[in-house]
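A.B. asks: Quick one: the structure is below, and I'll ask about it shortly.
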Amino acid sequence: MAPSSKVRKPPTTPPTVPSEGEERRRRQLIEMTIDSLAERGYIGSTLAEIAGRADVSPGLVAHYFGDKDGLLNAAFRSLTSSIGAAVLSRLLQADSPRARVQAIIDANLDAEAFDRRTGTAWLAFWGQSPHTPGLSRIQAVYQRRMLSNLRDALAPLLARPEAKRVAAMIAAMIDGVWLRAALSTWREADSESARALLAAFVDSRLAEKRPPNPIDAKREQNALYRSFVGGRFVAGSGELFTTINPATGEALGQVEIAGRDTVEAAVAAAQAAQPAWAALTGTERGRVLKRAADLLRAANAELAALETRDTGKPIQETLAVDVQSGADCLEYYGGLAASLSGEHVDLGRSAFGYTRREPLGVVAGIGAWNYPLQIACWKAAPALACGNAMIFKPAELTPLTALRLAEIFIEAGLPEGVFNVVQGLAATGQLLTRHPSIAKVSLTGEVGTGRKVMADAAATLKSVTLELGGKSPLIVFEDAKLDNAVSGALLANFYSAGEVCSNGTRVFVHRAVKDAFLGKLIARVQAMRIGDPMDPQTQVGALISAAHMEKVLGYIERGRAEGAHVLVGGGRVTDGALSQGFFVAPTVFDGCTDDMAIVREEIFGPVMTVLTFDDEAEVIARANATEFGLAAGVFTRDLASAHRAVAELQAGTCWINHYNVTPIELPFGGVKQSGLGRENGRAAIEHYSQLKSVYVALDDIEAPY
Ligand code: NDP
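Heads up, the sequence shown is in this note's numbering, so the first residue is 1 and it goes up one at a time.
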């Protein structure tokens, strides 16, 4: 749970960082204010009174806080922030959705809130806030944060509208129980009984309501998901496809395909909205993106559950990575938007030039199914930061979370039409890649799709960013810390059941340490928990579809047939309810050679191949002997050889002593057949904007005519 980071007006003078002494003094004055409020009430708490208590002059209090309102605002903010910190710390310790709800209740009704001094100060603020705009704003933020924390905690337990209603009830009860206790001068309830009362209430509500069971097909299979155009859901071609939960094989709902008319409507909406969006300052656009980041984080639990149902990935991953990394991306480009600029070029005395960084116009994003929400954010954030409007097509297998992102953008203040989602299969993608009014396409997908998209885009000379497949090497040198190397290899192969484009599936281990490496690796793979993706303990979920599972199993059989040995895994998992889904055990092959299909081709499943090498030059040559070039990793304690190796490796991203970490600040993308262009970091800005050069003459001009 991230604390809300509302954007405030910039100060008129640069902020100065208070010294430790000043901070101590401020805190002391705030404590005196709370004492004064508890004893003398709001009216009696004057600057002079507080100065007297602190044994300082009223001028000094005014120096720190301006006037009485400033001091009381600071004191109230201090009370609400300490509750905010308590909520956060309890939430971090809570290990289940129900415990998260209780964490919020406990933090709001803990013993300090019932302490006569703090409680009376709260009462004074509550009473005064309708008459004092500053206090009323703090009160509103505090209330909103409590509601959003509660909604977030309840999301995995209740359907969305119900979670909203129950969150409002719990918030009202927290306030009500506390207020009654305060008005009865703490006779009616103490902290413990108040918390027990709320706990009983929550349990009774949860018992009554049916949880939003991800496996409850009956409720969800009738849902109809549509395209989102111009700020609303719109009817499409009438043609439907079913989206399923790959962990159960059950329907999650029907999705209506966007045909030509819907795509034309999306282009028109984007064209209409884009100029005004581009005309905002970067700061204004950034503010919307940062607000969307906050909203995304507040909806983490709900979106993670949705992503898990749609992709089959474990909830422990989607909670920690999928939504959060999307929010990080929005926040990063939200911050960058204000600093986008051209440059001034000195052309001597008679002229100068400058460049303007301008948006491209309407751009399209086409996503793969492995990180649906993250991919939508990785494309939308830089595109919107630069002032473009975007039409995004999610993969047909994972159409759901992009729709929630579109709603969140609207809630964050993005003008309607700036971000649109069209649903459909490859044909819908083609309507975008061939559209003459779309200036650019960014695709994440397979190499073959990349080629088709580029060919289609060529007809209208669109620029393209292609994030494509890989078969990346991970090299473990003789001197590597083996436990780290094993951790790296696990991250490089089995996260998201191996459905990660940058996976290091060719693990080259130095001959001298191979046995030790395999010993540690196998023990850890055997201990991995495969299961229901909604179970927080599950580490390996389902593959995306039956067809994809068959493809992965086909590769495993081919590996065996070509002479490689399965050390662990090697087949489908069908224990109990898992038989309904598409689960494959994490698999490690030994005895591999560079020419085997399992070593050459992208499998996109939980299949690791282990190869042996003897020296650096040999392993680099073998690592590079592939048409792909997305990523590579090296594990060694010798940093000189690590840097030498990464300089030689033909890959867009290299990790030294780690694998598959993709901080938003670092550009990401492939070389060779793994792609064109870069996402993330400042580099992505180049791909969503264009430069206009302006020459400015300062003198009279001569012409030879
Ligand atoms: P696909 O290439 O099958 O599909 C990607 C997207 O393109 C989907 O939305 C798909 O629609 C659409 N599409 C398919 N054909 C066309 C076309 N002719 N014109 C326009 N759009 C089209 O990839 P997957 O979804 O199967 O994703 C897995 C692949 O993505 C793997 O190869 C993986 O390595 C790669 N990938 C690369 C990443 C990177 O950053 N380099 C990151 C993640 C994945 P539909 O789904 O409806 O067919």
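Cβ atoms here follow ideal geometry from the backbone N, Cα and C, with glycine treated the same way.
#1: Just mark A564 as buried or exposed, buried being the case when its beta carbon has 16 or more other beta carbons within 10 Å.
#2: Taking all protein chains shown into account, do 16 or more other C-beta atoms lie within 10 angstroms of the C-beta of T626, making it buried, or fewer, making it exposed?
#3: Sort H687, R160, I174 and G367 by Cα distance to I104 and report the nearest one.
#4: For a minimum of 4 consecutive residues, which ranges assigned as the alpha helix (DSSP H) are wholly contained in the region 210-288?
#5: Check the C-beta distance from S641 over to F477 and give it rounded, since I have them as a contact under 8 Å.
#6: Since A597 and R644 should fall inside the 8 Å C-beta cutoff, what is the C-beta to C-beta distance between them, to a whole number of angstroms?
#7: If we call anything under 8 Å between Cβ atoms a contact, is R195 one with L79?
#8: Does the Cβ of L468 lie closer than 7 Å to at least one heavy atom of ligand 1?
#9: Going by the C-beta, is W655 closer than 7 Å to any heavy atom of ligand 1?
#10: Starting from P58 and walking both ways along the alpha helix (DSSP H), at which residues does that stretch end?
#11: Do F628 and G469 come within 8 Å of each other at the CB atom, strictly closer than that value?
#12: From Y695 to E702, what does the alpha carbon distance come to, in whole angstroms?
#13: Apply the 10 Å Cβ neighbour rule to K218 and answer buried if 16 or more other Cβ atoms are within range, or exposed otherwise.
#14: Tell me the DSSP secondary structure of T444 in three-state form.
#15: When the Cα atoms are used, what is the spatial distance from Q537 to K471?
#16: My output table needs one value for N503: the three-state DSSP class, helix, strand or coil.
#17: Quick one: what's V566 bridged to in DSSP?
#18: What did DSSP end up calling R8 once you bin it into helix, strand or coil?
#19: Compare the beta carbon distance of L403 and G326 with 8 Å and say whether it is the shorter of the two.
#20: Short check: CB of V255 to CB of Y225, under 8 Å?
#21: Comparing C-alpha positions only, which one of S437, V453 and I438 sits nearest to T444?
#22: What number of angstroms, rounded off, separates the C-alpha of L206 from the C-alpha of A171?
#23: Ligand 1 and I366: does any heavy atom of the ligand fall closer than 7 Å to the residue's C-beta?
#24: Should A102 be labelled buried (16 or more other beta-carbon atoms within 10 Å of its own) or exposed?
#25: How long is the line joining the alpha carbons of K313 and I34, rounded to whole angstroms?
#26: Comparing the CB of G445 with every heavy atom of ligand 1, is any distance shorter than 7 Å?
#27: Across the region 386-402 and the region 269-279, are there enough close Cβ pairs to call them in contact, namely three or more that are closer than 8 Å?
#28: Put L611 into one of helix, strand or coil per three-state DSSP.
#29: If I measure Cβ to Cβ from I83 and keep anything under 7 Å in the same chain, skipping five residues before and after, which residues do I get?
#30: Is E679 near G670, with beta carbons less than 8 Å apart?
#31: So what does DSSP say about G469, is it helix, strand or coil?
#32: Among residues of its own chain, excluding the 5 on either side of A459, which ones have a beta-carbon nearer than 7 Å to its beta-carbon?
#33: Report the three-state DSSP secondary structure of C386 (helix, strand or coil).
#34: Return the bridge partner residues of W655 from the DSSP annotation.
#35: So what's E679 in DSSP terms, helix, strand or just coil?
#36: Does ligand 1 have even one heavy atom less than 7 Å from the beta-carbon of N370?
C.D. replies: Checking against the coordinates, here is how it stands:
#1: buried
#2: buried
#3: I174
#4: 217-220 and 260-279
#5: 7 Å
#6: In fact, because the Cβ distance is near 31 Å, the residues do not count as touching under 8 Å.
#7: no
#8: yes
#9: no
#10: P58 to F65
#11: yes
#12: 16 Å
#13: Confidence in K218 is poor, its pLDDT being 42 and thus under 50, which makes the residue's placement too unreliable to answer from.
#14: strand
#15: 29 Å
#16: coil
#17: F589
#18: Note that R8 scores a pLDDT of 32, beneath 50, so its modelled location is shaky and nothing firm can be said.
#19: no
#20: yes
#21: V453
#22: 16 Å
#23: yes
#24: Residue identity check: residue 102 is Gln in the sequence provided, not Ala. That one is buried.
#25: 49 Å
#26: yes
#27: yes
#28: strand
#29: A107 and N108
#30: no
#31: coil
#32: R434
#33: coil
#34: G633
#35: strand
#36: yes
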